[in-house]
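Written out below as C-alpha cells is the structure these notes cover.
Numbering (this note's numbering), first residue to last: 11 to 196.
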C-alpha cells in the first residue's frame, strides 16, 4: 500500500525519532509499504518520519548501476552512524518531502554504521560513495534534520516562498502527499 509522504513543514520531520524493537506492530508490512511508496515516488531512500512515523527506520535502494548490476538495497532499524571520514563532496540532493527543490549538499564519502535489518540481525559495516550519501540523507531524517538545513541563511531566504508553497500543498507531485497547512492531503 502506498503511504502519503509528509511534506516540508510538518513537525514529524523535525523529531528525533525513537528506537523500536522486534515487537513493533506490523513492521514487515510497514517496510513493504515503505518500499512500495518509495518506488512509486521514484525515490532512492525513505525514512519513517516521511510517512508520519517518528521511529528509527529507513530504507535505501540505489537501483541498478550503469552496467545493470544490482544496487545497494537495505533496511535500517535503530541505525547509528559512528564515523564519517574523507573529504566532503558536493552532490545535488533532493527529498520526497521537499519536492521541486534540489541543492548541493556536502557530505563525507565514507561512513561506518551500526543497524538492525528487517530480520533483526545486527550489522556494523563501512559504506562508501553514493550509498553512503543516501544513508546519511535518510539518517538525517531520523535525527530530525533535513538536507535544507545545510544551506546558508541567504539561500534559505531565497527559497522561503517555495518552502511555504510546499507546506500549503501548492506543489505538483506524482505521488500522494500530506501537507501540514492543508486540511486534506492529495
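Glycine residues also receive a C-beta, built at the ideal position from the N, C-alpha and C atoms.
Rounded straight-line distance, which links the Cα of residue j to that of residue i
i           : j           : result
residue 141 : residue 180 : 31 Å
residue 121 : residue 178 : 36 Å
residue 153 : residue 58  : 11 Å
residue 21  : residue 46  : 24 Å
residue 172 : residue 163 : 15 Å
residue 197 : residue 99  : No answer is possible for residue 197: the residues shown for the chain start at 11 and end at 196.
residue 131 : residue 124 : 11 Å
residue 136 : residue 13  : 31 Å
residue 96  : residue 138 : 10 Å
residue 188 : residue 176 : 10 Å
residue 155 : residue 25  : 8 Å
residue 150 : residue 78  : 29 Å
residue 183 : residue 62  : 18 Å
Contacts around residue i, its chain only, beta-carbon distance under 6 Å, and the 5 residues preceding and following it disregarded
i           : result
residue 115 : 103, 157 and 160
residue 94  : 118 and 121
residue 128 : 41 and 85
residue 133 : 125
residue 165 : none
residue 51  : 106 and 185
residue 11  : 43
Contact set for residue i: own chain, Cβ-Cβ below 8 Å, skip 5 residues either direction
i          : result
residue 30 : 37, 65, 66, 67, 87 and 88
residue 72 : 54, 81, 82, 83, 140, 141 and 144
residue 74 : 80 and 81
Per-residue burial, residue i [other beta carbons within 10 Å of its own, 16 or more giving buried]
i           : result
residue 53  : buried
residue 174 : exposed
residue 92  : exposed
residue 147 : buried
residue 35  : exposed
residue 196 : Only weak support is given to the placement of residue 196: the predicted model assigns it a pLDDT of 45, under 50, and the value that follows is read from those uncertain coordinates. Exposed: under 16 other Cβ atoms inside 10 Å.
residue 48  : buried
Residues of its chain near residue i, where Cβ-Cβ distance is below 7 Å and the 5 sequence neighbours each way are ignored
i           : result
residue 107 : 15, 16, 17, 18, 23 and 60
residue 27  : 58, 59, 64, 65, 66 and 152
Residue(s) in a DSSP beta bridge with residue i
i           : result
residue 168 : Looking at the DSSP assignment, residue 168 forms no beta bridge with any residue, so it has no partner.
residue 121 : 94 and 137
residue 84  : 70
residue 103 : 113
residue 132 : 126
residue 16  : 188
Helix, strand or coil at residue i according to DSSP, with G and I counted as helix
i           : result
residue 55  : strand
residue 11  : coil
residue 75  : coil
residue 195 : Any reading at residue 195 must be qualified, since the residue scores a pLDDT of 43, below 50, and its modelled position is unreliable; no value is offered.
residue 47  : helix
residue 142 : helix
residue 22  : helix
residue 152 : helix
residue 183 : coil
Short CB-CB distance (under 8 Å) between residue i and chain C
i           : result
residue 138 : Any reference to chain C falls outside this structure, which holds one protein chain only.
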